[in-house]
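Working notes for the structure below.
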Amino acid sequence: APGRRQSIAAVETVIVDVPTTRRHRLSNTEISAQSYVIVRVVLGDGTEGWGEAATLGGPRWAEESVEAIRANIDGYIAPAILGRSALEFEANGLRMTRAASRNNAARAAVEAALFDAAGHSLGLPASTLLGGVVRDRIEVLWALASGDADQEIDEARRKLAAREHRRFKIKLGFHSPADDMARLTRIVEALPGCEIVCDVNQGWTEATAIRYLPRLQDLGVVLIEQPLRPGLLAATARVAARSPIPIMIDEAAFTGPELVANGMAAAGSVYSLKLVKSGGLMELKRAAGIAQAFGIELYGGCLLETSVGAAAHLAAFSTLPALEWGCEHFGPRIVRTDLVRNPIVFRDFHVHCPAGPGLGIAIDRDALATLARKG
Ligand code: MUC
Ligand code: MG
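Next up, the structure:
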């Protein structure tokens, strides 16, 4: 019968732990292996689709851990959509939200798998289902986050020489501000002509931010991400008002209403879009619309996804009317093993959005089996 071909017959989950090429440090956590929940959806016609939820260091970057994500998908989110048509994208979004409030990473991973499966079943790219592409490649930065300036300079020079990245994001806040400034100065001086973004991951107070703004300006930093804790809206707005460098909102805004609160407070002029924050590809597009209505520019954020999660982000990013700051989906290159047989292409300082049906990826089942968490 019409529609039954795309009915959701199965939703399966597995946790995988993927070592990274080096230690990745943030103000409040550090990792040397990244953990994901990989979601497999099977439709009535036998088509399958894949999605991924990433977390950083357990329930620390956000409240979801891979263990919680998996349990909530298996126990609540999957039962809410089983038997429904995968083509009912909005209705399935409502069903999943009713079944599990917040749990944005969990719902986003399932929705990505549904877009992948539906796309394969219909022979259409997920980006077509999301409105059609506006761009097929996106400028992509690389994050320097070992905390060791020598290592970071060496890593950046290799990325530059390979013409993979020319814009770098320096993670700050795990050293003292003075030590971070010394480290940042060395990196900036070693990389003339490169654009430098700083992500403080909530590590500073208003006073620290005000104190170091002139130094960041002298160094030519182009963007400062999430300097203060979410919730400190007035303090962040004061920093933004006196900062000659744009402030980017990351952890401070997951939901639409949170983004509205940040916009009303003038707490930043760039927004980092992430599936783990918005809770799905369609919600991510709506977040982009809210930001645009406030005159806030857009940046394609990541949580160190493999090519599976990166492809879902790129499907949505490729359809956005504006994406002024490019993206940071370098995740497929920081994991030691990618989870697909056709890794996403990084060339000429851009990440190339996968073409082809669904998310345009071919899962590597051997890699999945090897990296699956045992027990
Ligand atoms: C974050 O806060 O932006 C993404 C890239 C990176 O280096 O850290 C993460 C999370
Ligand atoms: Mg960030």
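Using the working numbering, you'd call the opening residue of the sequence shown number 106 and step up by one each time.
For every residue, glycine included, the Cβ atom is placed at its ideal position computed from N, Cα and C.
Measure the beta-carbon distance from residue i to residue j and round it to whole angstroms, keeping in mind my assumption that it falls under 8 Å.
{"i": "Ile352", "j": "Tyr376", "result": "Rounded, the Cβ-Cβ distance is 10 Å, inconsistent with contact."}
{"i": "Thr290", "j": "Leu246", "result": "Wrong, their Cβ atoms sit about 19 Å apart, outside the cutoff."}
{"i": "Ala231", "j": "Ala420", "result": "4 Å"}
{"i": "Gly236", "j": "Thr424", "result": "4 Å"}
{"i": "Arg347", "j": "Leu318", "result": "7 Å"}
Taking the beta carbon of residue i as the centre, do at least 16 other beta carbons fall within 10 Å, making it buried, or is it exposed?
{"i": "Asp221", "result": "buried"}
{"i": "Met201", "result": "buried"}
{"i": "Arg470", "result": "exposed"}
{"i": "Gln139", "result": "buried"}
{"i": "Leu148", "result": "buried"}
{"i": "Ala358", "result": "buried"}
{"i": "Thr475", "result": "exposed"}
{"i": "Val239", "result": "exposed"}
{"i": "Lys479", "result": "exposed"}
{"i": "Arg203", "result": "exposed"}
{"i": "Pro124", "result": "exposed"}
{"i": "Pro462", "result": "buried"}
{"i": "Ser281", "result": "exposed"}
{"i": "Ala340", "result": "buried"}
{"i": "Glu294", "result": "exposed"}
{"i": "Leu187", "result": "exposed"}
{"i": "Glu168", "result": "exposed"}
{"i": "Arg130", "result": "buried"}
{"i": "Ala477", "result": "exposed"}
{"i": "Ala266", "result": "exposed"}
Given a cut-off of 8 Å, decide if residue j and residue i are closer than it, judged by their beta-carbon atoms.
{"i": "Ala415", "j": "Gly465", "result": "no"}
{"i": "Ile449", "j": "Pro459", "result": "yes"}
{"i": "Leu386", "j": "Leu378", "result": "no"}
{"i": "Arg127", "j": "Ser251", "result": "yes"}
{"i": "His457", "j": "Arg242", "result": "yes"}
{"i": "Leu482", "j": "Glu363", "result": "A query on residue 482 cannot be resolved here, the shown segment of the chain reaching from 106 to 480 and no further."}
{"i": "His270", "j": "Lys264", "result": "yes"}
{"i": "Val327", "j": "Glu356", "result": "no"}
{"i": "Ile315", "j": "Leu249", "result": "no"}
{"i": "Arg272", "j": "Asp453", "result": "no"}
{"i": "Gly436", "j": "Asn209", "result": "no"}
{"i": "Met389", "j": "Ile143", "result": "In the sequence on display, residue 389 carries Leu and not Met. Contact: no."}
{"i": "Leu296", "j": "Ala254", "result": "no"}
Give me the residue from the options with the minimum Cα distance to residue i.
{"i": "Val344", "options": "Leu364, Val365, Ala370", "result": "Ala370"}
{"i": "Ala185", "options": "Ala114, Trp247, Leu364, Leu131", "result": "Ala114"}
{"i": "Thr360", "options": "Ser374, Ile350, Met286, Arg391", "result": "Arg391"}
{"i": "Gly373", "options": "Leu389, Lys382, Pro349", "result": "Pro349"}
{"i": "Ala484", "options": "Thr313, Ala218, Pro124, Gly151", "result": "Nothing about residue 484 can be read from this structure; the chain reaches only from 106 to 480."}
{"i": "Arg110", "options": "Asp255, Ile329, Gly224", "result": "Gly224"}
{"i": "Tyr404", "options": "Gln322, Leu235, Glu244", "result": "Glu244"}
{"i": "Ala152", "options": "Trp166, Ser226, Leu187", "result": "According to the sequence displayed, residue 152 carries Thr and not Ala. When only C-alpha atoms are compared, the closest one is Ser226."}
{"i": "Ile395", "options": "Val445, Val365, Gln331, Lys382", "result": "Val365"}
{"i": "Gly406", "options": "Gly368, Phe422, Ala398, Pro335", "result": "Phe422"}
{"i": "Leu192", "options": "Gly154, Gly368, Asn208, Val171", "result": "Gly154"}
{"i": "Trp309", "options": "Ser383, Gly278, Asp150", "result": "Gly278"}
{"i": "Ser132", "options": "Ala346, Phe454, Glu330, Ala342", "result": "Glu330"}
{"i": "Arg145", "options": "Ile136, Gly156, Ser137, Glu135", "result": "Gly156"}
{"i": "Gly455", "options": "Leu473, Ala393, Glu433", "result": "Contrary to the premise, residue 455 reads as His rather than Gly in this sequence. Selected option, being the one with the closest Cα: Glu433."}
{"i": "Glu195", "options": "Arg212, Asn367, Arg262, Leu337", "result": "Arg212"}
{"i": "Ala398", "options": "Gly180, Thr341, Gly368, Arg165", "result": "Gly368"}
{"i": "Trp166", "options": "Thr134, Ala339, Gly336", "result": "Thr134"}
{"i": "His418", "options": "Glu169, Tyr181, Gly228, Lys382", "result": "Lys382"}
{"i": "Val171", "options": "Asp122, Gly180, Tyr181, Ile136", "result": "Asp122"}
{"i": "Pro164", "options": "Ile136, Asp179, Gly180", "result": "Ile136"}
Looking at the C-beta of residue i, does it have a partner C-beta in chain B at a distance below 8 Å?
{"i": "Arg391", "result": "Among the chains of the structure shown, chain B does not appear; only one protein chain is present."}
Decide yes or no for the touch test of the stretch 167 to 175 against the stretch 116 to 125: beta carbon pairs closer than 8 Å, at least 3 of them. As far as the Cβ criterion goes, the stretch 167 to 175 touches the stretch 116 to 125, which means the pair count is three or higher.
Per the contact definition of three or more C-beta pairs closer than 8 Å, is the stretch 425 to 432 in contact with the stretch 153 to 164? Contact fails between the stretch 153 to 164 and the stretch 425 to 432, because fewer than three Cβ pairs, one in each stretch, are under 8 Å apart.
Three Cβ pairs or more, each shorter than 8 Å: is that satisfied between the stretch 268 to 287 and the stretch 303 to 319? Yes, the stretch 268 to 287 touches the stretch 303 to 319.
Could you tell me whether the stretch 396 to 414 touches the stretch 434 to 454, using the rule of 3 or more Cβ pairs below 8 Å? A contact exists between the stretch 396 to 414 and the stretch 434 to 454.
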